[in-house]
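These protein sequence lines are chains A and B, in that order.
Using my numbering, read the first sequence as starting at 1 and increasing by one per residue.
Using my numbering, read the second sequence as starting at 1 and increasing by one per residue.
Cβ atoms here follow ideal geometry from the backbone N, Cα and C, with glycine treated the same way.
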Amino acid sequence: SQQGEEDPQALSIQEGENATMNCSYKTSINNLQWYRQNSGRGLVHLILIRSNEREKHSGRLRVTLDTSKKSSSLLITASRAADTASYFCATDAGFQKLVFGTGTRLLVSP
Amino acid sequence: DVKVTQSSRYLVKRTGEKVFLECVQDMDHENMFWYRQDPGLGLRLIYFSYDVKMKEKGDIPEGYSVSREKKERFSLILESASTNQTSMYLCASSPSRSLYGYTFGSGTRLTVV
Numbered sequence: 001s002q003q004g005e006e007d008p009q010a011l012s013i014q015e016g017e018n019a020t021m022n023c024s025y026k027t028s029i030n031n032l033q034w035y036r037q038n039s040g041r042g043l044v045h046l047i048l049i050r051s052n053e054r055e056k057h058s059g060r061l062r063v064t065l066d067t068s069k070k071s072s073s074l075l076i077t078a079s080r081a082a083d084t085a086s087y088f089c090a091t092d093a094g095f096q097k098l099v100f101g102t103g104t105r106l107l108v109s110p
Numbered sequence: 001d002v003k004v005t006q007s008s009r010y011l012v013k014r015t016g017e018k019v020f021l022e023c024v025q026d027m028d029h030e031n032m033f034w035y036r037q038d039p040g041l042g043l044r045l046i047y048f049s050y051d052v053k054m055k056e057k058g059d060i061p062e063g064y065s066v067s068r069e070k071k072e073r074f075s076l077i078l079e080s081a082s083t084n085q086t087s088m089y090l091c092a093s094s095p096s097r098s099l100y101g102y103t104f105g106s107g108t109r110l111t112v113v
């Protein structure tokens, strides 16, 4: 069952620009997480936001969560070529079992 | 450096073969998971385990089984490999408290011919 749906499916920007990805989900959650996947590799955990939090920062990452709209956004500021990857949101509705979305492919050009 | 290790990066097997995918973590995590990843479908949960000798079905368990005899090792078994099981397989682990993310292995790209 696919809980999260990311939007857009693909995003192409220039270095230095900001990248925003959105995630919508269907059911109540305990927390929402964002992961990055470089081509053909495993996923790397970026940030976790609890259901009672509205915004969280980590370095150049900013995540927001709107539980009333069942949506989240990931903002990457001042993008670099090294940020090129696929980004996935994942929801934990309980029991630490994550349900992942289909991902956003981000391309950052020099 | 803590990590999750998957035994093979690439694997090619024949239809009907029994296939074992191994995953080992060195973080003393209670939870372990097996996902498969396919283009356009994202990650789908096959099986997971909260403790030694425990296993739970995920969303797509058909054609798979798992084994967790030791806390650090979680094996995925394809009883009789089929071409529709060609995929990227990802193992992950996490501690029992829910406020930590998963640590993933590098993945095994399995091709069934």
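Contact of LYS97(A) with chain B is assigned, a C-beta pair being separated by under 9 Å. About 15 Å separates the Cβ atoms of MET32(B) and PHE20(B), ruling out a contact at the 8 Å cut-off.
Here DSSP, grouped into helix, strand and coil, assigns ASP26(B) to coil. ASN31(A) counts as buried, since no fewer than 16 other beta carbons sit within 10 angstroms of its beta carbon. Secondary structure of ASN18(A) (DSSP, three-state): coil.
ARG36(B) has ARG44(B) and TYR89(B) as its beta-bridge partners, per DSSP. Note on MET21(A): 16 or more other CB atoms within 10 angstroms of its CB, so buried under the neighbour-count rule. A Cβ-Cβ distance of about 7 Å is found for the pair GLU55(A) and ARG62(A), placing them in contact under the 8 Å criterion. The alpha-carbon separation between LEU75(A) and SER12(A) amounts to approximately 14 Å. By the Cβ-count criterion, ARG68(B) is buried, with 16 or more other Cβ atoms from all chains shown falling within 10 Å of its own Cβ. In the DSSP assignment, GLU69(B) falls within the unbroken beta strand (DSSP E) covering 64-70.
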